[in-house]
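Number of protein chains: 4
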Amino acid sequence: MNTVDYLLQDENDLHIQAKLDEIIERNRRYTKDGAVATYIPGLRKANRDDLGICIVDKNKRIFTSGVCDKKFTIQSISKVVLLSMALMEHGFDYVHTKVGFEPSDNPFNSIVTIGNNDVKKPSNPMINSGAIAITSLIKGDTYEEKEANMMAYFKKFTANNDLKINYNVYMSERSTGDRNRAMAYLLKSHGFLDGNVDEILDLYFKQCSIEVDVKDLAMIGLNLADQEFINDRGCVISKDVARIVRTVMFLCGMYDGSGEFALKTGLPSKSGVGGGIMTCVSDAVGIGVFGPSLDERGNSVAGMKVLEDLSREFDLSAI
Amino acid sequence: MNTVDYLLQDENDLHIQAKLDEIIERNRRYTKDGAVATYIPGLRKANRDDLGICIVDKNKRIFTSGVCDKKFTIQSISKVVLLSMALMEHGFDYVHTKVGFEPSDNPFNSIVTIGNNDVKKPSNPMINSGAIAITSLIKGDTYEEKEANMMAYFKKFTANNDLKINYNVYMSERSTGDRNRAMAYLLKSHGFLDGNVDEILDLYFKQCSIEVDVKDLAMIGLNLADQEFINDRGCVISKDVARIVRTVMFLCGMYDGSGEFALKTGLPSKSGVGGGIMTCVSDAVGIGVFGPSLDERGNSVAGMKVLEDLSREFDLSAI
Amino acid sequence: MNTVDYLLQDENDLHIQAKLDEIIERNRRYTKDGAVATYIPGLRKANRDDLGICIVDKNKRIFTSGVCDKKFTIQSISKVVLLSMALMEHGFDYVHTKVGFEPSDNPFNSIVTIGNNDVKKPSNPMINSGAIAITSLIKGDTYEEKEANMMAYFKKFTANNDLKINYNVYMSERSTGDRNRAMAYLLKSHGFLDGNVDEILDLYFKQCSIEVDVKDLAMIGLNLADQEFINDRGCVISKDVARIVRTVMFLCGMYDGSGEFALKTGLPSKSGVGGGIMTCVSDAVGIGVFGPSLDERGNSVAGMKVLEDLSREFDLSAI
Amino acid sequence: MNTVDYLLQDENDLHIQAKLDEIIERNRRYTKDGAVATYIPGLRKANRDDLGICIVDKNKRIFTSGVCDKKFTIQSISKVVLLSMALMEHGFDYVHTKVGFEPSDNPFNSIVTIGNNDVKKPSNPMINSGAIAITSLIKGDTYEEKEANMMAYFKKFTANNDLKINYNVYMSERSTGDRNRAMAYLLKSHGFLDGNVDEILDLYFKQCSIEVDVKDLAMIGLNLADQEFINDRGCVISKDVARIVRTVMFLCGMYDGSGEFALKTGLPSKSGVGGGIMTCVSDAVGIGVFGPSLDERGNSVAGMKVLEDLSREFDLSAI
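Residue numbers (our numbering), protein chains in the order written: chain B, 827 to 1145; chain Z, 827 to 1145; chain C, 827 to 1145; chain P, 827 to 1145.
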């Protein structure tokens, strides 16, 4: 862990900056190996060549390199925020009645064969069906109240009051969301989903469509990394919840490439098809990466390479 | 086939009647081996002990035995009528783009694991997902027109103008139909379903809730058995469509007990959880059976035994 | 059924012969749409263009057309003979403890996910795992006795004392049979297979490697078609066993194309990757077809087309 | 990490000992909640009430508490040693051609449905099929040489020259190993297994039958924990291999309870149905636990509780 301390406490910030720039530069070529997501127009417009990183430490020192000012939709990285929220508000045991916490080697959008009497929870909160179950746990008397609570949580997590939903993307997600609708009704028929399916899916599509930049992701990471970290709005999550969420990210945060990514980086991370990867180093830093060129699993190709190099060169592996 | 001719042309109807009565009597004890469907209140009220049969031949001779005047909901037997309608109006090749025609050993309500890019049609029109896809093919400019067309078809098939939907059962089906809703959205997301999911499901729940008696079932069977049969409203289906539908019934008309039932009776049949079984003998008769005590697969326990005896004693096996 | 009688009793054999020749000629072009099996050298040598048919009736009248003198290995068509043998020697109920009788939409060589305590029989005797279970039921005190009993059965069924195993093919099957070995051990671990796995598989590979021609297949079909048929060695199977076997063939004799083939022909049939198809018409004829150009499911492309035309033109559909 | 240093460097060993004794005492009651493995006689004889722990640090300080002198078979914990060996001798990339490194939510003994042309590697080296593939990578010209190499590795890893195979258990494993045999042949048929299946399985059954005690397990853990640790026979594995193996243990070391266990302890661990759990804390200690009373997944019930308490009280979570 000495290296991390070094990363954070070194007076010579220039040294860190130089290393970051070099890592971004070196891995930019991997953007050629993937493709931007195309299932909705809003994602299709991304620039495949983009690559950037932001690192924030608890003293609010910020390092950035590459393309860092662009907004992109958070997509599946929102699953981490929602899981944190559900664990804080309902406790692990109740959340566990709705979703499992086991990694799966099925794709993120799998729908499992279920006979008449078999009842199977979603494997974990990082696959779509699990995240939809989690979304149904948002508190609020009305749809509007639930949406407000949800957005407030994202704003607290990112310490960014200006966070907004990209309505273009949201509308597209909604209009192509029949598979997620199928999952929601299946969950409901098995008692893993309470409430109105249309409302829950609407909140699900909205959360995926929140626009962030790499700094926002790094701030989410910092909340998960440092239990003593208190952002401007107070402490967001407890030490225990942070540890649970980091573990879930480590086990299944990178779709069906989670195992290999964990082997190569040792970093609890979560990716989204908007091109983002959010990760953290315990007691140290939060990290956001952006690279919309994806591999066939939906992970940023160059983004993963950047984190691999970063972990090796600064010795950041958790395990 | 001589025996069938005997069944139909024998002057001594009393002989046939005596045999039928004996078969019903002999198998009534099997009603104790099953249970009535309980997933909705409307079905729960059925009398487990009931058992009855009706046989109709092309000369409109009718034999009945046992409990024959009770109404029950047609349930999955409607799948046969809808398939016939779809084949008549769209032709086999187009229908085949929406559903497969292969028997399956998965349960009637199975939802198959589908990865991101795998596309798999429902196995056949006799499982729920296949029947929902078929329902989406009903012609009509409005929902009302579609419902009217559908009902007209059922009335023609049964030669019964008084056919009605049991609204109690329909409302129950609709309120417990989340699994079917899941299937419909999954089909839609893979391009196997056109149109409005809520409307299609509504028509699906309504068709399942049509009230029939054993004579109505026997009349449906007669339409499938005898291509020259013309009911009061004219010829309902073509010879080719009748053959296709009979084959589908033979292959997969009795849920995941279709194989065993085919071995034991050789009769192309379709069952419903309302307790009905509809079957036919080519060029000869249509048969309706009612026995609401079901086995764990959803087939009438005593009803199957009755058809086993009938097939053996009158040598009715198609194969 | 008049047409069948016509086929058999018509004095004008020349008329039948002309029709057969025309059907073979017309469908020969479909041999271009498939490919010969390549997984072992012995099958790879087949001539893709070959196409022939043989029809035998109970009066031992024989019609042939096309390529009829070539030998090929019986492959999966042997499953029908073995099932008949098992049913005759052990009865349906005992055989049913080892295999199911439900058609499946899984491929012929599927191995089903089985958790620790789930126990699932092979779906039916027409898929490899089912046929291996059936093979374990061959009676005999020694391996040699079992092989002799098995071969005697094939000779009786075909009324051909000269039937031989192609040792070249047998050795190839054995050396590439690891998947079948896997199935056998899986069956054994679940109690569906008694005896020595290596011996059972050896008998399985040998039965697949028996060399036949279209007349041999037609004779097998005749045994299944005509319960009163008595070949030179006496009656081979009972009426009931013949009916069961025909039903199983109808439900699942053409791999995962069984449903579509049944719709198009109405003929209970069994295919093998050697290019053969064996079928029958109850109380009438046995039919053998040879066409080694296969579709991706393992069925003879042109052979199926021939049977489609034959069924339509002579009105042979069972259902 | 301060607490870990405390555990190791505290002069007051008595304090640590007292805590360990208390943890063992407190959790002994959980032995009542499970049952010993019964699938072979050798395991059935275990005493359900037993519970013990051993902790070893790099200075060779050893703490023990509870039942620590009993021998038990290593069972699935051997998978970790074999994986380490394979990675050291063949490198990650080659090993990766034979097994995946993704956690799975299928049971340890699952056999996946594979169609004709689908090729799917075992999900990871911690399930049986993956471990069998790994076993095939043991170097040696003869079976005897392979066995000698394998045993030498276990002896180096445990620093215990007296390690022996329990031949009673080995023979039982072999005689009940048909499911593993099925897996091996399936792997071979897909090209994931080279060599003689019987030999590979024999080595697999032998490795599972090696007798260890909690100190042996703790020594294995120490090799994985401390890359600078050099046992009496020299350095066993590289820093990189140790990190990969720890990550695999974290992701999938506790059968299909790996996720929940990781959430609760944060310890990379591997369990066996002999009742052992082996775990480690990076740069600190190796830990062996013994408690043959298992839950339905095959993990020691009380053993897991002990590690939960230990992790919380000494703050050992890796993540």
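Quick reminder that beta carbons are idealized off the backbone N, C-alpha and C, glycines included.
**Study point:** Cutoff 8 angstroms: S1015 (chain B) Cβ touching any chain Z Cβ
**Key:** yes
Review point. When the Cα of L908 (chain B) is compared with those of B:F983, B:N873 and B:L877, which residue comes out closest?
Key: B:F983
Exercise for review: For R1000 (chain Z), I'd like the list of residues in its chain whose CB is within less than 8 angstroms of its CB, leaving aside the five on either flank, ordered along the chain.
Suggested key: L1027, D1028 and F1031
**Study point:** Short CB-CB distance (under 8 angstroms) between A1008 (chain C) and chain P
**Key:** Taking a beta-carbon distance threshold of 8 angstroms, A1008 (chain C) counts as an interface residue toward chain P.
**Study point:** Within chain P, partners of R1069 (chain B) - CB distance below 9 angstroms
**Key:** L1089, G1092, S1143 and I1145
Point to revise | Expected contact under 8 angstroms - CB spacing of G996 (chain P) and S1035 (chain P) to nearest Å | key: Residue identity check: residue 996 (chain P) is Tyr in the sequence provided, not Gly. Yes, Y996 (chain P) and S1035 (chain P) are in contact; Cβ-Cβ is about 4 angstroms, under 8 angstroms.
Check your understanding: Of all the beta strand (DSSP E) runs that stay within the bounds of the stretch 888-912 of chain B, which reach a length of 3 or more residues?
Key -> Segments of the beta strand (DSSP E) lying fully in the stretch 888-912 of chain B: 888-892.
Review point. Which of helix, strand or coil does DSSP assign to E1037 (chain P)?
Key: strand
Check your understanding: Does the beta-carbon distance from G1124 (chain B) to L1043 (chain B) come in below 8 angstroms?
Key -> No, the pair does not count as a contact, with Cβ atoms beyond the cut-off.
Exercise for review: Spell out whether any CB of chain B is found under 8 angstroms from the CB atom of L1012 (chain Z).
Suggested key: Yes, L1012 (chain Z) lies at the interface with chain B (some Cβ there is under 8 angstroms from its Cβ).
Practice item. For T857 (chain P), count neighbouring C-beta atoms within 10 Å of its own C-beta (all shown protein chains included) and say buried if the count is 16 or more, exposed if not. Key: buried
Review point. Mind pulling the chain Z residues with CB within less than 7 angstroms of T1073 (chain C)?
Key: Chain-ordered, the chain Z residues with CB closer than 7 angstroms to the CB of T1073 (chain C) read A1088, L1089, G1092 and I1145.
Check your understanding: Opposite D1141 (chain Z) in the DSSP bridges: which residues?
Key -> According to DSSP, D1141 (chain Z) bridges with nothing at all.
Exercise for review: For N950 (chain C), go through chain Z and note every residue whose CB falls closer than 8 angstroms to its CB, in chain order.
Suggested key: G1085
Exercise for review: For chain Z, find out if any of its Cβ atoms is closer than 8 angstroms to the Cβ of D1004 (chain B); answer yes or no.
Suggested key: yes
Review point. Of the choices B:I849, B:E851 and B:Y865, whose alpha-carbon is the least far from that of E1122 (chain B)?
Key: B:Y865
Point to revise | Of the residues C:G1117, C:N987 and C:C894, the one placed nearest A872 (chain C), counting alpha carbons only | key: C:G1117
Exercise for review: Determine the burial state of D876 (chain P): buried for a count of at least 16 other Cβ atoms within 10 Å of its Cβ, exposed for fewer.
Suggested key: buried
**Study point:** Cβ shell of D1109 (chain B) (< 7 angstroms), same chain only, five flanking positions each side left out
**Key:** A1051 and D1052
Check your understanding: In terms of alpha-carbon separation, which member of C:G860, C:A863, C:G892 and C:T961 lies closest to E851 (chain C)?
Key -> In this structure, C:G892 is the residue among C:G860, C:A863, C:G892 and C:T961 with its C-alpha nearest to the C-alpha of E851 (chain C).
Check your understanding: What in chain P is Cβ-close to P1118 (chain B), meaning under 9 angstroms?
Key -> Result: empty, since nearest Cβ-Cβ is about 24 angstroms, beyond 9 angstroms.
Point to revise | Within chain P, partners of S955 (chain B) - CB distance below 9 angstroms | key: The premise fails here: S955 (chain B) is roughly 13 angstroms from chain P at the closest Cβ pair, so nothing lies under 9 angstroms.
Exercise for review: Could you tell me whether the stretch 904-918 of chain Z touches the stretch 971-985 of chain Z, where touching means 3 or more Cβ pairs closer than 8 angstroms?
Suggested key: yes
Practice item. In the DSSP assignment, find the alpha helix (DSSP H) that holds M997 (chain P) and state where it starts and stops. Key: Boundaries of the alpha helix (DSSP H) around M997 (chain P): Y993 to S1001.
Practice item. For A1008 (chain B), name the three-state secondary structure that DSSP assigns. Key: Under the three-state reduction of DSSP output, A1008 (chain B) falls in the helix class.
Practice item. Would you please verify whether the beta carbon of S1064 (chain P) is less than 8 angstroms from any beta carbon of chain B? Key: no
Practice item. State yes or no: is the C-beta of T1073 (chain Z) within less than 8 angstroms of the C-beta of G1092 (chain C)? Key: Taking a C-beta distance under 8 angstroms as the contact criterion, T1073 (chain Z) and G1092 (chain C) qualify as a contact pair.
Review point. Can the beta-carbon of Q901 (chain Z) be found less than 8 angstroms from the beta-carbon of G1100 (chain Z)?
Key: yes
Review point. Quick one: what's L1120 (chain B) bridged to in DSSP?
Key: B:A861 and B:S1126
Exercise for review: Can you say whether G1017 (chain C) is buried or exposed, counting buried as having 16 or more other CB atoms within 10 angstroms of its CB?
Suggested key: exposed
Review point. Using the rule of at least 16 other Cβ atoms within 10 Å of the residue's Cβ for burial, across every protein chain shown, is L888 (chain Z) buried or exposed?
Key: Looking at the sequence provided, one finds Ile at residue 888 (chain Z) rather than Leu. Exposed, by the Cβ-count rule.
Check your understanding: Under the rule that 16 or more other beta-carbon atoms within 10 Å means buried, what is Y1011 (chain P), buried or exposed?
Key -> buried
**Study point:** V1062 (chain P) - DSSP class collapsed to helix/strand/coil
**Key:** V1062 (chain P): coil per DSSP, three-state reduction.
Point to revise | Contact set for S1143 (chain C): own chain, Cβ-Cβ below 8 angstroms, skip 5 residues either direction | key: T1091, G1092, L1093 and S1137
**Study point:** Separation of L1089 (chain C) from G878 (chain B), as counted between CA atoms
**Key:** 59 angstroms
Check your understanding: Using a C-beta cutoff of 8 angstroms, does D1082 (chain B) count as contacting chain E?
Key -> The structure shown contains no chain E; its protein chains are B, Z, C and P.
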